[in-house]
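What follows is a short report on a single structure.
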Amino acid sequence: MIDIRFLRENPDAVKENIKKKFQDDKLPLVDEVIELDKKARETQAEADNLRAMKNKAAKEIGALMGQGKKEEAEAKKAEVAANSARLAELEAAEGELQEKITKIMMVIPQIIDPSVPIGKDDSENVEIQKYGEPVVPDFEIPYHTDIMESFNGIDLDSARRVAGNGFYYLMGDIARLHSAVIAYARDFMIGRGFTYCVPPFMIRSNVVTGVMSFAEMEAMMYKIEGEDLYLIGTSEHSMIGKFIDTILKEEELPQTLTSYSPCFRKEKGAHGLEERGVYRIHQFEKQEMVVICKPEDSMMWYDKLWQNTVDLFRSMDIPVRTLECCSGDLADLKVKSCDVEAWSPRQKKYFEVGSCSNLGDAQARRLKIRVNGEDGKKYLAHTLNNTVVAPPRMLIAFLENNLQADGSVKIPEVLRPYMGGMEKLVPNK
């Protein structure tokens, strides 16, 4: 959510930003907000004037009563009563106008960074850099669930009977590998100076609307029936929510946190073959990184965050690339975002395994996350997040890139301490 003062003073810039995101249907909202804001300020000014008059009249009534001028005091009381009725009308109108303004402002997209490439959708995202040499072996690589089944490592049929499509049982060495990756990612981020955290896995609606747009909320979140609670789609939600309505000391910044959580997502719609198995699912686990920082430091942290993910994957010998998200592919709260994609030898292309986002002050404005500066002035913090690793997708990249011709899977050296010293997985079938 952008600053109403910025919109008021720079309506053309806000409209141009909307055009860059190819959301022309939102252009009329800018003028609508300006008109509502004008009415709201006029209403507030009249209400403030009446409050001042009311306070002044109260003192005059006291003085008149003290002087024994009862009739004049009663007349003044009648005047105050009339003004009080009007004040009540103005306060109600003011509340309604502010509610309308906030609702519209929640829909108008954040101003994107000038460096963001302009494009309509993800097909126009721009490759930044490749890390590691992508290899296609001279033997056939099976579909990822077939690899897992060769180790008796996955049971989709039982999961469908228990919970429906989009769920899975991981078993044996594959389940152990899943946990090993999470544990390694945790320690990797701790080694980079991040504080480890396990957050709540449910959050209230005011936190949900503080961290994401209404469209994202509807597409992603599971609501707990009869409760003001939602299952988190990523631990970023509850980690940013940790700072709701707080004033941080400037010397406490940056806050650098890495969090583990299960994640729950609706993932509506039909998907192709490559998005079956454990690629697009309703429940998975994830290691996340979150930063709360000063505005002038947010782009520096943005670069550090995506580099952490690249370094993690390269430490496991998985080739990756970074992809800059174009304007039309950016969620409305984001200032700048890039995806980290891992190489798939089977598909002979890269696929998404993580996403890094700079949200500027959008989440901080919604959640009232402020910083008390050294000069005593308060300002909004900037928030960023990035995937360290989400094992179901990461497992696909891991298994494909470490599969050997005999069906075994090589365990990179960094993961061996988390796998009891095992150097490879040997298939059961």
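When you line the sequence shown up against numbering that gives the first Met the number 0, it's residues 0 to 428, in that order.
Heads up, the beta-carbon is just placed ideally off N, CA and C, and yes, glycines get one too.
Beta-carbon proximity list for residue i, same chain, < 6 Å, skipping 5 on both sides
i, result
"D244", "K367"
"V277", "Y167 and P391"
"S258", "C196, P198, S234, M238 and E287"
"A125", "The identity of residue 125 in the sequence shown is Val, whereas the question assumes Ala. P116 and E323, listed in sequence order."
"M418", "A179 and I410"
"Q254", "I291"
"T208", "none"
"E123", "C325"
"E353", "Note on identity: in this sequence residue 353 is Gly, with Glu being the wrong assignment. Taken in chain order, the residues that qualify are T308, V339 and T386."
First and last residue of the uninterrupted beta strand (DSSP E) at residue i
i, result
"R175", "From DSSP, R175 is part of no beta strand (DSSP E) but of the alpha helix (DSSP H) over G171 to G190."
"M393", "From DSSP, M393 is part of no beta strand (DSSP E) but of the alpha helix (DSSP H) over P390 to N401."
"V339", "K335 to S343"
"E430", "For the chain, the structure presents residues 0 to 428; residue 430 sits outside this window and is missing."
"K377", "K377 to L379"
Span separating the alpha-carbon of residue i from that of residue j
i, j, result
"T233", "I17", "27 Å"
"L96", "L329", "29 Å"
"N54", "Y229", "45 Å"
"H381", "D296", "8 Å"
"V408", "K423", "5 Å"
"P416", "M188", "17 Å"
"A182", "A91", "53 Å"
"E274", "E93", "Confidence at E274 is low in this model, with a pLDDT of 49, below 50, so its placement is unreliable and the value that follows should be read with caution. When rounded, the distance between both Cα atoms is 49 Å."
"C262", "R40", "42 Å"
"S336", "I3", "24 Å"
"Y168", "K241", "31 Å"
"K99", "P141", "54 Å"
"P27", "K14", "9 Å"
"V339", "I1", "27 Å"
"Q22", "I107", "9 Å"
"V388", "P318", "14 Å"
"L252", "F193", "13 Å"
"L6", "N164", "45 Å"
"F283", "V32", "40 Å"
"D374", "M64", "47 Å"
"V180", "Q346", "23 Å"
"K265", "I280", "8 Å"
"M421", "M211", "42 Å"
"R175", "L414", "11 Å"
"R203", "I246", "20 Å"
"K222", "A341", "32 Å"
"E215", "S157", "30 Å"
"I111", "K285", "27 Å"
"H236", "C355", "14 Å"
"R365", "G327", "22 Å"
"D121", "K293", "30 Å"
Sequence-distant residues of the same chain with beta carbon closer than 8 Å to residue i, five excluded per side
i, result
"M343", "A small fix is needed here, since residue 343 is Ser in this sequence, not Met. Contacts found: Y349, F350, I395, A396 and E399."
"D316", "G131, N400, N401 and P411"
"G372", "E249 and Y378"
"L358", "Q109, L332, K333, V334, H381, T382, L383 and N384"
"L35", "L96, K99, I100 and I103"
Buried/exposed call for residue i, threshold 16 Cβ in 10 Å
i, result
"D24", "exposed"
"M299", "exposed"
"K376", "exposed"
"T460", "The chain is shown from 0 up to 428; residue 460 falls before or after that span and cannot be answered."
"V134", "exposed"
"S83", "exposed"
"Q403", "exposed"
"F312", "buried"
"D227", "exposed"
"V161", "exposed"
"E8", "exposed"
"A184", "buried"
Residue i - containing alpha helix (DSSP H), residue span
i, result
"M366", "According to the sequence as given, residue 366 is Leu; it is not Met. Note, L366: alpha helix (DSSP H), A361 to L366."
"G353", "Taken as a continuous stretch (DSSP letters only), G353 belongs to no alpha helix (DSSP H), being part of the beta strand (DSSP E) at K348 to N357."
"L6", "I3 to E8"
Other residues of its chain near residue i: CB distance less than 7 Å, five sequence neighbours each side excluded
i, result
"F150", "G171, D172, I173, L424, P426 and N427"
"A361", "M0, Q109 and L332"
"F138", "A404"
- For the region 225–297, list the beta strand (DSSP E) runs that are entirely contained and at least 3 residues long, ordered along the chain. Given a length threshold of 3 residues, each whole run of the beta strand (DSSP E) inside the region 225–297 is given here in chain order: 245–248, 254–263 and 282–292.
- Of all the beta strand (DSSP E) runs that stay within the bounds of the region 11–65, which reach a length of 3 or more residues? Listed in chain order, nothing qualifies, since the region 11–65 has no complete beta strand (DSSP E) run of 3 or more residues.
- Please go through the region 125–164 and give each complete beta strand (DSSP E) segment of 3 or more residues, from N-terminal end onward. List check, beta strand (DSSP E) in window: 125–130.
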